[in-house]
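Structure record follows, encoded as structure tokens.
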Amino acid sequence: MVALMLGALLVASQVFRGGWTAGPTEMERYVRSGPRIGAQELERDLRAAHPAGSEIGPLFARLSRFGFTCGAPAAPGAPVECRYRARRDDNRLVSVMLDVAHDGVRVQSIGARMALTNP
-17 MVALMLGALL
-7 VASQVFRGGW
3 TAGPTEMERY
13 VRSGPRIGAQ
23 ELERDLRAAH
33 PAGSEIGPLF
43 ARLSRFGFTC
53 GAPAAPGAPV
63 ECRYRARRDD
73 NRLVSVMLDV
83 AHDGVRVQSI
93 GARMALTNP
């Protein structure tokens, strides 16, 4: 019984400290490609998976899984801006911005930008 409790405590401490993680996130491959290429690849992949005319819900669900946060449109019919930010291994901050145009139901267009900033 004590050994089981100690084992559970060890596993919990490793998970809490981040010692055992789920592996690379889906965004890491785009971030590793650099700002210009990474943004182009992300935009290409999102447009292929969620082309103009497709339902908007699955796109926003995917962006949420990727770690994006999306705001409300600035005005009716304006694109929604979605942001992703993460610190890279070299301590630089990567920011990815997506402009998602939609009519409330269907995707109209997707545009991506990526930038790196020094600490």
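Residues in the sequence shown are numbered consecutively from -17, following the working numbering. Think of the CB as a built atom: it goes at the ideal place given N, C-alpha and C, for glycine as much as any other residue.
* To do: For the alpha helix (DSSP H) holding residue 27, just list the boundary residues, first then last.
  => 17 to 31
* **Cβ-based burial, residue 37 [other Cβ within 10 Å; buried from 16]** => exposed
* Quick one: what's got a C-beta closer than 7 Å to residue 88's C-beta in the same chain, skipping five residues either side? -> 35, 36, 37, 38
* With a threshold of 16 other CB atoms inside 10 Å of the CB of residue 19, please say whether the residue is buried or exposed. => exposed
* **Cut-off 7 Å between Cβ atoms - residues of its own chain near residue 97, not counting five sequence neighbours on either side** => 17, 77
* Return the CA-CA distance between residue 67 and residue 100, expressed in angstroms with no decimal places. => 13 Å
* **Which of helix, strand or coil DSSP assigns to residue 69** => strand
* Asked: Are the beta-carbon atoms of residue 65 and residue 48 separated by less than 8 Å?
  -> no
* **Three-state class that DSSP yields for residue 95 in the structure shown** => strand
* Exposure label - residue 21; buried when at least 16 CB within 10 Å -> buried
* **residue 55 beta carbon less than 8 Å from that of residue 81** => no
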